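Peer 1: Oh and the sequence shown: position 324 is 324 in full-length UniProt numbering, straight run, nothing missing.
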Amino acid sequence: QSRNKAAKVITTLLALEKTLDAHNTSVCKLEAQLHGGHVDDMVELNLQLIDARSQCTKVTNTIRHHRSALGVEDKAELKKMKKDIYLTARLNAHAVKTRIWDRLHQQKFELERLKRLYRASINAEKLHANMQHSIKHCKPGILKLVSTYNGLCSHICSLIRQWRAPPFAIPPHSILHDGIFQLNVDNNIWQDIGLDNATVNPPAWLSDEAIRNGIQLQLEVDCCFEEEAQLMREWSVMQEWMLTEWEGIQDALSNADKLANICVVWRRKAQCIPCAWSVVDSWGPSDEVLLQATHEQVQPSFWDEDDQSVGPVEEDNKGDSDCGEIGDDELMDAIEDIALVDEYR
1 QSRNKAAKVI TTLLALEKTL DAHNTSVCKL EAQLHGGHVD DMVELNLQLI
51 DARSQCTKVT NTIRHHRSAL GVEDKAELKK MKKDIYLTAR LNAHAVKTRI
101 WDRLHQQKFE LERLKRLYRA SINAEKLHAN MQHSIKHCKP GILKLVSTYN
151 GLCSHICSLI RQWRAPPFAI PPHSILHDGI FQLNVDNNIW QDIGLDNATV
201 NPPAWLSDEA IRNGIQLQLE VDCCFEEEAQ LMREWSVMQE WMLTEWEGIQ
251 DALSNADKLA NICVVWRRKA QCIPCAWSVV DSWGPSDEVL LQATHEQVQP
301 SFWDEDDQSV GPVEEDNKGD SDCGEIGDDE LMDAIEDIAL VDEYR
């Protein structure tokens, strides 16, 4: 276990040294821009330089800490591994890829930085000019790093074909220039295939292209099943909604005659009462519907009166007085109903 731990520390040291070289190169470029004087935003350049120097300091301290943990044999092994061509190429590729990640993150948040500058009293035209300049300035450097990384990947593949790499070494995937600035999560740039220490028996989802394609297809199938279940639920809801609405409409149609009769009575009783505010003349039902409802109300009243008039006539004084006391209210209601029918005619 101690040997494996020492080997892991040595590999980490080599990777950190390559990362430190990349950070030092970035610091040198920023210092050259600062001394050259061709800077659009001096404040932003100073912030980038401070950040790059802090990264160099952190990496240097980490390297110093790991070196202090090595013994004499481990230090000799470190010097020996520095001369390994395959390991050097792999670590260089890993360092370049790390640098590409950093540059892409800077490219992603470039617009937010410019918006902050705009809030600090920069007008819209200047913001647009700075944005275009920054984007054009960053893209060539990122594309150059991608080309360098692809060249290192080709070199590693050639070393594997020449049997100059360890057994079971996996060639890293190259990065396509198209769509690299979209930061798609499925892009190969986020995969460290063949660049880490786990080169023996890597997981199939990471090394086998067929399995990776199968995983994507399985995810699509799962999405199809979810969509199918959602459609089935929506179909059931649509049917239940239609059934409920249809029953409600049928109930309303069955109650339409009752509402028309009520409307006739209300309109007759309230026609002499003035309205509190201006409203339309219509009560809702059409004139034909109201006329039909009036007919249905008047005809039963006449039939009821005829039925009551037919029957044995009592000759006593009490019966004569009852017949003589015909209700005036019923007579007036019948007259109003006849007048209302004549009005609709």
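C-beta: ideal position from N, C-alpha, C; glycine also.
Remember, predicted model here, so these are calculated numbers, not experimental data.
Note down the Cα distance separating residue 96 from residue 30, rounded to an integer number of angstroms.
Peer 2: To locate residue 96, count along the sequence shown from 1; it is residue 96. To locate residue 30, count along the sequence shown from 1; it is residue 30. Roughly 18 angstroms between the two C-alpha positions.
Peer 1: Pull up the distance between the alpha-carbon of residue 44 and that of residue 104, whole angstroms please.
Peer 2: Along the sequence shown, one-based indexing puts residue 44 at 44. Along the sequence shown, one-based indexing puts residue 104 at 104. Straight-line Cα distance between these residues: approximately 17 angstroms.
Peer 1: Assign residue 249 to one of two classes, buried (16 or more other C-beta atoms within 10 Å of its C-beta) or exposed (fewer than that).
Peer 2: Numbered from 1 along the sequence shown, position 249 holds the residue referred to as residue 249. So residue 249 ends up on the exposed side.
Peer 1: On a CA-only basis, which of 21, 27, 13 is nearest residue 65? Give me that one, please.
Peer 2: By one-based count along the sequence shown, residue 65 stands at place 65. Closest option to residue 65, Cα to Cα, is 13.
Peer 1: Could you give the DSSP three-state label for residue 262: helix, strand or coil?
Peer 2: By one-based count along the sequence shown, residue 262 stands at place 262. Here residue 262 sits in helix by DSSP.
Peer 1: Going by other Cβ atoms of all chains shown within 10 Å of its Cβ, with 16 needed for buried, is residue 61 buried or exposed?
Peer 2: Taking the sequence shown and counting its residues from 1, the one referred to as residue 61 is at position 61. Exposed, by the Cβ-count rule.
Peer 1: Going along the chain, which residues of its own chain have a beta-carbon closer than 8 angstroms to the beta-carbon of residue 24, five neighbours each way excluded?
Peer 2: The sequence position of residue 24 within the sequence shown is 24, counting from 1. Only 56 meet the Cβ criterion.
Peer 1: Round the Cβ separation of residue 100 and residue 145 to the nearest angstrom and send it over; I've been treating them as touching at under 8 angstroms.
Peer 2: Counting from one through the sequence shown, the residue named residue 100 turns up at place 100. Counting from one through the sequence shown, the residue named residue 145 turns up at place 145. Correct: roughly 5 angstroms between the Cβ atoms.
Peer 1: Please report the straight-line C-alpha distance between residue 289 and residue 238, rounded to a whole angstrom.
Peer 2: Here residue 289 refers to the residue found at position 289 of the sequence shown. Here residue 238 refers to the residue found at position 238 of the sequence shown. Looking at the two C-alpha atoms, the distance is approximately 34 angstroms.
Peer 1: Hey, how far is the Cα of residue 34 from the Cα of residue 51?
Peer 2: Along the sequence shown, one-based indexing puts residue 34 at 34. Along the sequence shown, one-based indexing puts residue 51 at 51. In a straight line, the C-alpha of residue 34 is about 15 angstroms away from that of residue 51.
Peer 1: Give me the Cβ distance between residue 175 and residue 150, rounded to the nearest whole Å; I'm assuming they're in contact under 8 angstroms.
Peer 2: On the sequence shown, position 175 is the one that residue 175 refers to. On the sequence shown, position 150 is the one that residue 150 refers to. The Cβ separation is near 6 angstroms, so the contact holds.
Peer 1: Going by beta carbon distance, what residues of the same chain come within less than 7 angstroms of residue 347, once the five residues before and after it are set aside?
Peer 2: Outside the modelled stretch of the chain, which goes from 1 to 345, sits residue 347, for which no answer is possible.
Peer 1: Mark residue 284 as exposed unless 16 or more other C-beta atoms lie within 10 angstroms of its C-beta, in which case mark it buried.
Peer 2: Working through the sequence shown from its first residue, we reach residue 284 at position 284. Classification for residue 284: exposed.
Peer 1: Taking DSSP as the reference, what is the three-state secondary structure of residue 251?
Peer 2: The residue you call residue 251 lines up with position 251 of the sequence shown. DSSP places residue 251 in helix when its eight states are reduced to three.
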